[in-house]
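Single-structure report; data block below.
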Amino acid sequence: MSLDTVVVECTDYSGMELLRHYGRVLVDSEIKPEISEALNAITYGLIQAVSEGKKCLLVLDQAHELSEDALRKLVLLANLKVDGSPLLQIFMVGQPALRQTLLQPEYEALHQRLVATCNLDRFTAEETREYIIHNLTACGWQGTPEICPNVFSIIHQTSMGMPRWINLIGSRLLLQGMINEKEKIGLPDTCEVLRELLNEDLLPETVRRANLKDAKLKVA
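Those letters in the sequence shown? Residues 0 to 219, per numbering that gives the first Met the number 0, in order.
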């Protein structure tokens, strides 16, 4: 049995928008802004997938940003069943605030449907390096530009091992390397990028004050 996965970035989605978006993906057609039509389309699409031997997974990234209305609509999706078996599995990825939100009384119906929860720790220095290498390799990187070992260390230090900040710093560093046609990215390049991000207020306060002090980076 294959797995049919849909990933949704949850920023600014209302409950209706979430249902319509998922319905459009399933049935490949526009959905009217009505709950009944959206649920009918989703149910049809899910049953069709099951009949084809598929299991359906809805991945909600940045789920901590879901609105109250969207969280309540998830209960409707979780309730969709055929012959007593759920038609859809929902996987929510978010910051710690998501867990606290789901513990509130108004979301008890959704919390009761949780099968498992997991808290991911921040990356260690080695995990940060492996994460960066994995992402680069997935994009076709074959060692050019060369990345000096101390670059991984300072990215880990300044990001505190948090993927969001690792991605931000890494993306900006690669952009700078591309613009300047760099064949090798070293510590000076990384420090320059970090100073730019600091001056643009794109790094969180905890990074600005606590971690970059040791990196000896001065905000212009």
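Backbone N, C-alpha and C define an ideal beta-carbon position, used for all residues, glycine too.
> Would a C-beta distance cut-off of 8 Å place G44 and V58 closer than the cut-off?
Replying inline: By 1-based counting over the sequence shown, the position of residue 44 is 45. By 1-based counting over the sequence shown, the position of residue 58 is 59. Cβ distance not < 8 Å, so G44 and V58 don't count as in contact.
>> I'd like the span of the beta strand (DSSP E) that includes T4, first residue to last.
In response: Position 5 of the sequence shown, counted from the first residue, corresponds to residue 4. Looking at the DSSP string, the run of the beta strand (DSSP E) that includes T4 is 1-8.
> If we count the other Cβ atoms within 10 Å of its Cβ and call it buried at 16 or more, is D3 buried or exposed?
Replying inline: On the sequence shown, residue 3 is found 4 positions in, with the first residue counted as 1. Under this definition D3 is a buried residue.
> Who are the near neighbours of K72 in its chain, counting only those whose CB is closer than 7 Å to its CB and skipping five residues on each side?
Replying inline: Against the sequence shown, residue 72 aligns to sequence position 73. Same-chain partners within the cutoff: G14, L17, L18.
> Which residue's Cα is closest to the Cα of L260: G185, A69, S152, L65?
Replying inline: This structure does not reach residue 260, given that the chain is present from 0 up to 219, and the question cannot be answered.
> Would a check of beta-carbon distances place E125 closer than 8 Å to chain B?
Replying inline: No chain B is present in this structure, which holds just one protein chain.
> CB T136 to CB E64, shorter than 8 Å?
Replying inline: The residue labelled residue 136 in the question sits at position 137 within the sequence shown. The residue labelled residue 64 in the question sits at position 65 within the sequence shown. Taking 8 Å as the cut-off, the beta carbon of T136 is found no closer than this to the beta carbon of E64.
>> Tell me the DSSP secondary structure of D11 in three-state form.
In response: Start at 1 with the first residue of the sequence shown, and residue 11 comes out as number 12. Coil.
>> Give me, in chain order, the residues of the same chain whose beta-carbon lies closer than 8 Å to that of L113; leave out the 5 immediate sequence neighbours on both sides.
In response: On the sequence shown, position 114 is the one that residue 113 refers to. Correct list, in chain order: L101.
>> In this structure, how does DSSP classify S28 when only helix, strand and coil are distinguished?
In response: As a first step, residue 28 is located in the sequence shown; it is residue number 29 there, counting from the start. Coil, per DSSP.
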